[in-house]
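Chemist:
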Amino acid sequence: RSSRHALLLLQHPPVYTMGAGSTTDNLRFPPGSPPIPLFRTERGGEVTYHGPGQLVMYPILDLQALKPDLHWYLRQLEEVVIRALDLVSGLKGERLEGLTGVWVEGAKVAAIGVRAKKWVSYHGLALNVVTDLAPFSRIVPCGISDRPVTSVRQLLLQRSAAEDPFAPPLLQPQLSIPSEGLEGAQVAGLDGMIPLAQVTALS
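Residues 64 to 266 in the working numbering are what the sequence shown spells out, letter by letter.
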């Protein structure tokens, strides 16, 4: 088994995705009549929204070669966003105890849901950069009803800062996963959907 890593960066068309164990309780529309496409995936976590203006990052990593621990891996993904927010915009991302993702001033700016097969990771994180947040009102995002969702743009506008300085710098190598052994990672920037089979086939 080779220890090669890849990183997919993309935006999805508007879509709701549910985790492997999600129920329909967190949908605010009839499951049979979604306002936009609705899919169940193999990742962990509850329902979320993906759409234009959101930066999605799918690391495909050999965790066996790095550290075979999904909790550690989730914390690494959170750290990527926290460092990037601070470096690019000065926003102070944080973790909330007992919850997965990255938060700024109590609002969720990045959602994370992963899965691994034979310790090869797929799925990843979604950072709301200039995302239209309205579709989140049709769901209970990540099953969390008492905390809002936000975006980098919304946070910067609240601080009277420049709009959308974020996406290009995030593509730079220095903002890759802060782990050992990723020097040879391949990076692909893609528009549109990635078939789940294409990702899982790498495991």
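Backbone N, C-alpha and C define an ideal beta-carbon position, used for all residues, glycine too.
Owing to the predicted nature of the structure, the values given are computational and were not obtained by experimental measurement.
(1) Ends of the beta strand (DSSP E) at A173?
(2) Do G116 and P76 count as a contact pair if the criterion is CB distance below 9 Å?
(3) Between R146, P122, V183, which has its C-alpha nearest W166's C-alpha?
(4) Exposed or buried, P131, counting other C-beta atoms within 10 Å across all chains shown (16 or more means buried)?
(5) Report the three-state DSSP secondary structure of S96 (helix, strand or coil).
(6) Quick one: give me the first and last residue of the alpha helix (DSSP H) that H68 is part of.
(7) How is the alpha helix (DSSP H) around H134 delimited, first residue to last?
(8) Is the stretch 132-141 in contact with the stretch 190-208, if contact means three or more CB pairs nearer than 8 Å?
(9) With a Cβ-Cβ cutoff of 9 Å, do R91 and S214 count as a contact?
(10) Taking the beta strand (DSSP E) that V215 belongs to, which residues open and close that run?
(11) Measuring only the C-alpha atoms, how far is T104 from T87?
(12) Excluding the 5 residues preceding and the 5 following A83 in the sequence, name in chain order all residues of the same chain whose CB lies nearer than 8 Å to its CB.
(13) Output the distance between the C-alpha atoms of P211 and G169, rounded to the nearest integer angstrom.
(14) Given a threshold of 16 other Cβ atoms within 10 Å of its Cβ, counted over all protein chains shown, does A173 qualify as buried or as exposed?
(15) Helix or strand or just coil, what does DSSP make of G187?
(16) Give the C-beta separation of Y112 and L126 to the nearest angstrom, bearing in mind that I take them to be a contact with Cβ-Cβ under 8 Å.
(17) Kindly indicate the opening and closing residues of the alpha helix (DSSP H) around L126.
(18) With 16 other CB atoms within 10 Å as the buried threshold, where does K171 fall?
(19) Is the separation between the beta-carbon of L154 and that of L218 shorter than 9 Å?
(20) From I123 to L71, what does the alpha carbon distance come to, in whole angstroms?
Modeler: By the coordinates alone:
(1) 170-180
(2) no
(3) R146
(4) exposed
(5) coil
(6) Run containing H68: none; DSSP gives neither H nor E here.
(7) 133-152
(8) no
(9) no
(10) Taken as a continuous stretch (DSSP letters only), V215 belongs to no beta strand (DSSP E), being part of the alpha helix (DSSP H) at 215-221.
(11) 14 Å
(12) R103, T104, E105, R106, G107, R178
(13) 8 Å
(14) buried
(15) strand
(16) So it is not a contact: roughly 27 Å between Cβ atoms.
(17) 126-129
(18) buried
(19) yes
(20) 8 Å
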